[in-house]
Structures are given as C-alpha cells and as structure tokens.
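Counting with the working numbering, you get residues 13 to 304 for the letters of the sequence shown. Virtual Cβ for every residue (Gly too), placed ideally from N, Cα, C.
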Amino acid sequence: MKRFLAVSVSILLALGSWLIGQDLPPTLIFSQIADGGGIRFELNLANSGHQSDTGTVFFRSGEGEPLELVVGGTARSSVSYTVPAGGAISIKSDGEGETKTGYAVVQSDLVDSKLSGTITYTLGEREVSVPSSPLSKQYHTYVERNSGANSGIAFANPGSDTVEIEASLLRSDGSVLDEKEITLEPGHQLPRFINQIFDGVGSNFEGSLHARSQNSFALVGLRQRTSGSRAILSGSTQAFTGSEPPMSPPLENPKSQRTVAVFPQIADGGGFVSEIFLTNSGATEDSGDILI
Numbered sequence: 013m014k015r016f017l018a019v020s021v022s023i024l025l026a027l028g029s030w031l032i033g034q035d036l037p038p039t040l041i042f043s044q045i046a047d048g049g050g051i052r053f054e055l056n057l058a059n060s061g062h063q064s065d066t067g068t069v070f071f072r073s074g075e076g077e078p079l080e081l082v083v084g085g086t087a088r089s090s091v092s093y094t095v096p097a098g099g100a101i102s103i104k105s106d107g108e109g110e111t112k113t114g115y116a117v118v119q120s121d122l123v124d125s126k127l128s129g130t131i132t133y134t135l136g137e138r139e140v141s142v143p144s145s146p147l148s149k150q151y152h153t154y155v156e157r158n159s160g161a162n163s164g165i166a167f168a169n170p171g172s173d174t175v176e177i178e179a180s181l182l183r184s185d186g187s188v189l190d191e192k193e194i195t196l197e198p199g200h201q202l203p204r205f206i207n208q209i210f211d212g213v214g215s216n217f218e219g220s221l222h223a224r225s226q227n228s229f230a231l232v233g234l235r236q237r238t239s240g241s242r243a244i245l246s247g248s249t250q251a252f253t254g255s256e257p258p259m260s261p262p263l264e265n266p267k268s269q270r271t272v273a274v275f276p277q278i279a280d281g282g283g284f285v286s287e288i289f290l291t292n293s294g295a296t297e298d299s300g301d302i303l304i
C-alpha cells in the first residue's frame, strides 16, 4: 500500500511539473497597441476569479519581436502584474518618444484565469477603449470608407504556427467585392486600412469584412475619422461562408421576440450622435426591429 501511494505521489508530482513547463495559451490578446507621438495607453485588467492572478504583459512588434514601450519611466517590453481576487489594476504608459505600434499579449500564470481587460488610448482630448480580441478561426466586422472616415483592421498571430487567412470584403447587400489571402508568420501582426488590403474599395464604401483560417488568430477593427477621432468596430467570431447553416429549432411561440443584442447605453442630442452598425454572417437575410 505504501509503495502504491509513493508511486502515485511520484506520478502526480511529475505530471504537475510537466503541466507547469507547458506553454499556456494567451489569456488576453490586444491585436493593436500604440504608444508615443502624443498617444498614451492605459491597460485595465479585472479579475473575477476567487484567487489572485499573476502573470506578464508582453509587448510585441508586427514582426513578433519585443517592443519596448515606456511604462513607469522605464522602457520595457514586458510588465509583470498581480490582480487580487475580485480586484482590478491599470498599467499606464508614459506616451514618450516616437509612435510605436504592435500588439500586446497578457499571459496569466493560472490555467483557469478569469481576467478580462480593455486598452484605452488617449490622444489629446480624445479617448477610445478597445477590448481584448479572442482567439478564433473566423471573424467578421463592419467596415466603411468615405470622405470622412476609413476603417482599419489589425490581424495578430500570437501562436507558433503560420496562419493563412482568407479575407473577403462584402458590400452592404452581401455580394463579394474582393477576396485576398493573408499570411501571418508565427508571432506576427498586420495592421492595414481596408483599401490597403482589398482592390476596388473606392472612396464611398460600406460593408463588412469576413476572415477565416484553419488556425486561430485575433482581429480588431477600428474606424478613424479625418478629424482624428477613432472608434472600435465591433464584430463577432463568425464569418460568412456562403453556405446554408444548420437550421435552428423552431420557436415554441413564433410570435415571441428574441433579443439578439443589447446596447446598455445609448445617447443622442446635445452634441451626441449615435450610429448602430449591424452585420449579418448568416446565409439568409435577417430582419427585425431596434427597440429604443
């Protein structure tokens, strides 16, 4: 019996050491990060777990190399953190030097981390908050280009395998305008405006971008106005494939309303103007009502 217990303990210790030595998947990914040249960022992390969360935030260039940013008066390519159970912290850059861009990866020491996070960028009197991007094999997001605004997309591959992305640009009626293949080497990131990726965008375009790959990647969309203001373009981890999806089970009461999305805050008037962007990754037309 003692021998059995000793062997069991040895196996468990060996298994624990093996698990600790493995590379954990990224906890949070921010597909685009910028600092310097008047831009400052604030990375906010919140822990909904019941134990303290420790780990490291890594800053990487578009080529996957360490990207040194000034945080707390020191140029560094990584920052260690500790977030108490139920707590939150913020990591603020100094915004010094020339503008540097890349992406950020938050790597928790916990296998079952409960971290969530956003990055808020400050440029003069303007601010924009960008949530983390989940790893997914497909994405879609609203995009537009006109005389007053242009949409930018940042693709990031924090993994160790090359990612081949099939990107499609669809008009507002769902027809395909252009398709491109994008290759992301391990650790690489690619930020581009839609007219730098696709042909035929023109000066007045509204539609959606759909991206698919056999390997997981991260993506975020941003709209930049000629005035300098920026806004996050939300989307989802689904992409249009052109094929009919599996049928959903029928509703018990076809007349009952189904809530697809909720916007917890909306404002209009007094200088505020609200825009709601809706995209459809399904193979059938979608109709409904927006209740305000």
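Bridge partners of Lys112 according to DSSP: Asp47. Between Ser105 and Val140, the C-beta spacing is not below 9 angstroms.
Here Gln201 is buried: its Cβ has 16 or more other Cβ atoms, across all protein chains shown, within 10 Å. A check of alpha carbon separations from Gly214 across Arg183, Val95, Ala168 identifies Arg183 as the nearest.
With the rule of 3 Cβ pairs closer than 8 angstroms, the segment 219-234 counts as touching the segment 147-164. Between the segment 55-68 and the segment 126-143, the count of C-beta pairs closer than 8 angstroms reaches three or more; the two stretches touch. The residues Gly76, in chain order, have a CB closer than 6 angstroms to that of Gly199 in the same chain once the five nearest residues on each side in sequence are set aside. For Ala116, the closest alpha carbon among the candidates Arg237, Ala230, Gln236 is that of Ala230. Under the DSSP assignment, Gln208 falls in the alpha helix (DSSP H) whose first and last residues are 206-209. Collapsing the DSSP output to three states places Asn162 in a strand. Burial of Ala168 is indicated by the presence of at least 16 other C-beta atoms within 10 angstroms of its C-beta. Within the same chain, Thr68 come within 6 angstroms of Ser92 by CB-CB distance, once the 5 residues on both sides are set aside.
Nearest to Glu178 by C-alpha distance, out of Pro38, Ile194, Arg88, is Ile194. Residue environment: Ser120 is assigned as buried (16 or more neighbouring CB atoms within 10 Å of its CB, all protein chains considered). Its chain contains Asn59, Gly61, His62, Gln63, Ser64 as the residues whose beta carbon lies nearer than 7 angstroms to that of Ala97, once the 5 sequence neighbours on both sides are disregarded; these appear in chain order. Counting along the chain, the unbroken beta strand (DSSP E) around Ser90 starts and ends at 90-95.
Cβ neighbours of Asp173 within its own chain (closer than 7 angstroms, five residues either side excluded): Pro198, Asn227. If only complete runs of 4 or more residues are kept, the segment 130-195 shows no alpha helix (DSSP H) anywhere.
Its Cα nearest to that of Asn162, the residue Phe205 stands out among Gly99, Phe205, Pro37. Between Gly50 and Gln208, the alpha-carbon positions lie close to 25 angstroms from each other.
Leu55 sits away from Thr113, with the two beta carbons spaced by 9 angstroms or more.
Under a 10 Å Cβ-count criterion, Arg72 is classified as buried, with 16 or more other Cβ atoms of the shown protein chains found around its own Cβ.
The beta carbons of Gly107 and Phe53 sit closer together than 9 angstroms.
Contact check for Phe210 against Asp185 fails: the beta carbons are separated by 9 angstroms or more.
The beta carbon of Val175 sits closer than 7 angstroms to the beta carbons of Asn169, Leu196, Ser225, Asn227, Phe229 from its chain, once the five residues preceding and following it are set aside; these are given in chain order. Collapsing the DSSP output to three states places His200 in coil. Our two residues, Asn216 and Ser159, have alpha carbons roughly 7 angstroms apart in a direct line.
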